[in-house]
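Note sheet for the following structure.
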Amino acid sequence: MAEIVIMGAGLAGAIMAYEMKDQMRPEDNLTVVTKDPVYHFVPSNPWVAVGWRTREAIQVDLAPTFARRGINFKPVPVSKVSPQENSIELEDGSKLAYDYLVIATGPELAFDEIEGLGPHGGFTNSICHVDHALKASVTFEEFCKNPKPIIVGAVQGASCFGPAYEFTFILDTELRRRKIRDKVPMTFVTAEPYIGHLGLDGVGDTKGLLESEMREHHIKWMTSTRVKKVEDGKMHVEEVNPDGSVKAASELPFGFSMMLPAFRGIKPLMGIEGLVNPRGFVIVDKHQQNPTFKNVFSVGVCVAIPPMGPTPVACGVPKTGFMIESMVTATALNIGAMLRGQPPKHQGTWNAVCLADFGDSGVAFVAQPQMPPRNVNWASSGKWVHAAKIAFEKYFIRKMRKGESEPFYETAALNMLGISKLKQVVTD
Numbered sequence: 242m243a244e245i246v247i248m249g250a251g252l253a254g255a256i257m258a259y260e261m262k263d264q265m266r267p268e269d270n271l272t273v274v275t276k277d278p279v280y281h282f283v284p285s286n287p288w289v290a291v292g293w294r295t296r297e298a299i300q301v302d303l304a305p306t307f308a309r310r311g312i313n314f315k316p317v318p319v320s321k322v323s324p325q326e327n328s329i330e331l332e333d334g335s336k337l338a339y340d341y342l343v344i345a346t347g348p349e350l351a352f353d354e355i356e357g358l359g360p361h362g363g364f365t366n367s368i369c370h371v372d373h374a375l376k377a378s379v380t381f382e383e384f385c386k387n388p389k390p391i392i393v394g395a396v397q398g399a400s401c402f403g404p405a406y407e408f409t410f411i412l413d414t415e416l417r418r419r420k421i422r423d424k425v426p427m428t429f430v431t432a433e434p435y436i437g438h439l440g441l442d443g444v445g446d447t448k449g450l451l452e453s454e455m456r457e458h459h460i461k462w463m464t465s466t467r468v469k470k471v472e473d474g475k476m477h478v479e480e481v482n483p484d485g486s487v488k489a490a491s492e493l494p495f496g497f498s499m500m501l502p503a504f505r506g507i508k509p510l511m512g513i514e515g516l517v518n519p520r521g522f523v524i525v526d527k528h529q530q531n532p533t534f535k536n537v538f539s540v541g542v543c544v545a546i547p548p549m550g551p552t553p554v555a556c557g558v559p560k561t562g563f564m565i566e567s568m569v570t571a572t573a574l575n576i577g578a579m580l581r582g583q584p585p586k587h588q589g590t591w592n593a594v595c596l597a598d599f600g601d602s603g604v605a606f607v608a609q610p611q612m613p614p615r616n617v618n619w620a621s622s623g624k625w626v627h628a629a630k631i632a633f634e635k636y637f638i639r640k641m642r643k644g645e646s647e648p649f650y651e652t653a654a655l656n657m658l659g660i661s662k663l664k665q666v667v668t669d
């Protein structure tokens, strides 16, 4: 009998639990430990922030779903990880021993690295968590009573750029619906060296597509830009030359702002030599296995991935849903093999499939593999993307509530973004 513990129950952790359950032997035990007993569908947070979704519409109570699948569940935060002792400690004082540990915690949001950034004591909003999105929706409603400039983007060190683009255009759509768009100058501020870089050096013609969309919607942009600090109604930024020197410093006024922060590893992982890098992300090999502690695996945003290459302002590499799902499948198969005395041999495909909603249209792209050079490098735009994103939301939340382990992203990629499947879900 083996004790398998999964830390985290977000996108990576929840689907990890379902797929791991399918690969275990009957005598093995699986326990999920997480600080939040409710799963929230993070891709819907931009819609929550403008009032298009409620918290209840995008959440799943994990306890009954896990119970039906025979998965033990402890909704208690982890306080300490001891890989040398094969155990973790929880904030309630209890301790769990494991034979295999899967770290799927996601990141800690590093708002504190920039003065005045973030929704907790700062002056910018966030859509990284549903609580942040709900707070942003209240701020946005107040903003609409007295419209002023808007700034949206991603700060230096960020590794998640797609939601910033989505939220920019969703705000544009909502402002037009309220007939106050003409009163709101909008600026997109990003660490990326060019629009549509996405931390991936672009996919297909994302540069051309996104620049065209921004021009059409009268959205200005600033690239290779560092945020120095944020004050109430004012953002201090520096545009950076290719050689790293400061090109220009500006003070940008705003009445509403949403800036995605940089990520780092969670505190219980910080400083564990051999397990994490200096930023706190978990080191893994091609099998998602930690090279030092062979019974520890990691999946999702908490995995260490080196950046694409040098950029004037630091940009991280995103971990997209497709990449995360492939990590999960490989990990479940590898632990399943090790339980049966076989070596790990499965690897994630690390491809990217993305549906970026723009409120009433959108951009979709497929990158296989995610990092260039690629075998598939495709991007397209149109109103169909908005419909596909809604259908994807319905499909994925239903999958989570049922506790199913079907790999959606793989199916989507093999079926040209899963349009036939998505249409079926819409009509259900």
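Residue numbers 242 to 669, in this note's numbering, belong to the letters of the sequence shown in order. Ideal Cβ positions, reconstructed from N, Cα and C, are used throughout, including at glycine.
*Kindly indicate which three-state DSSP category Leu416 falls into: helix, strand or coil?*
helix
*Going by CA-CA distance only, name the one from Glu297, Lys535, Lys508 that's closest to Phe522.*
Lys508
_Sheet register partners of Met612 (DSSP bridge)_ = According to DSSP, Met612 bridges with nothing at all.
*Can you give the beta carbon distance from Met257 to Val343, rounded, assuming they're within the 8 Å contact cut?*
Indeed they touch by this definition, with Cβ atoms about 6 Å apart.
*Burial state of Met248, where buried means 16 or more other Cβ atoms lie within 10 Å*: Label assigned to Met248: buried.
*For the beta strand (DSSP E) containing Gly394, list its first residue and its last residue.*
391-395
*Can you give me the Cβ contacts of Val666 inside the same chain, cut-off strictly under 7 Å, excluding the 5 residues immediately before and after it?*
With a pLDDT of 37 at Val666, under the threshold of 50, the modelled position of this residue cannot be trusted; read the value that follows with caution. Ala632, Lys635, Tyr636, listed in sequence order.
*Relative to the alpha-carbon of Ile299, which residue among Glu326, Pro267, Gly251 has its alpha-carbon at the smallest distance?*
Gly251
*Check Ser323 in the structure and name its three-state DSSP category.*
strand
*Write down every uninterrupted run of the alpha helix (DSSP H) in the region 343-394 whose length is 4 residues or greater and which is fully enclosed by it, in chain order.*
371-386
*asked:* For a test of the three-state rule: what should DSSP assign to Pro305, helix, strand or coil?
replied: helix
*Give a yes or no on whether the C-beta atoms belonging to Ala545 and Ile524 are separated by under 8 Å.*
yes
_According to DSSP, residues forming a beta bridge with Thr533_ = Answer is none; Thr533 lacks a bridge partner.
_Pull the bridge partners of Val617 from the DSSP assignment, please._
Gln609
*According to DSSP, which residues form a beta bridge with Lys461?*
DSSP lists Thr428 as partners of Lys461.
*Can you tell me which of Lys469, His528, Pro610 puts its alpha carbon nearest to the alpha carbon of Thr570?*
His528
*For Gln300, which three-state DSSP category applies?*
strand
*Should Asn616 be labelled buried (16 or more other beta-carbon atoms within 10 Å of its own) or exposed?*
exposed
_Outcome for Arg195 when other beta-carbon atoms lying within 10 angstroms are tallied against a minimum of 16_ = No statement about residue 195 is possible, as the shown extent of the chain runs from 242 to 669 and does not include it.
*asked:* Taking the straight line between their C-alpha atoms, what separation do you get for Thr428 and Met463?
replied: 7 Å
*First and last residue of the uninterrupted alpha helix (DSSP H) at Leu574*: 562-580
*Which of the three DSSP states, helix, strand or coil, is assigned to Gly506?*
coil
*Check whether the Cβ atoms of Ser622 and Asn592 lie closer than 8 Å to each other.*
no
*Out of Thr306, Thr414, Glu480, point me to the one whose CA is closest to Thr466's CA.*
The option with the nearest alpha carbon to Thr466 is Glu480.
*Buried or exposed: where does Met455 fall if 16 or more other Cβ atoms within 10 Å of its Cβ makes it buried?*
buried
_Across the region 377-396 and the region 290-309, are there enough close Cβ pairs to call them in contact, namely three or more that are closer than 8 Å?_
yes
_Do Ile329 and Leu493 count as a contact pair if the criterion is CB distance below 8 Å?_
no
*With distances taken from CA atoms, which of Asn286, His438, Ala345, Pro613 is nearest Ile245?*
Ala345
*asked:* If distances are taken between C-alpha atoms only, which option among Ala395, Thr561, Tyr406 comes closest to Val607?
replied: Thr561
*How many Å lie between Asn327 and Tyr339 at the Cα?*
6 Å
*Indicate the three-state DSSP secondary structure (helix, strand or coil) for Met549 in the structure shown.*
coil
*Gln397: buried (16+ other C-beta within 10 angstroms of its C-beta) or exposed?*
Label assigned to Gln397: buried.
_My assumption, with CB atoms under 8 Å, is that Glu440 sits in contact with Pro287. Please give the rounded CB distance._
One point to set straight first is that residue 440 is Gly, not Glu, in the sequence displayed. In fact, because the Cβ distance is near 18 Å, the residues do not count as touching under 8 Å.
*Note down the Cα distance separating Val371 from Val283, rounded to an integer number of angstroms.*
The C-alpha of Val371 lies about 7 Å from the C-alpha of Val283.
*Taking Cβ positions, are Gly541 and Gly347 nearer each other than 8 Å?*
Yes, they are a contact pair.
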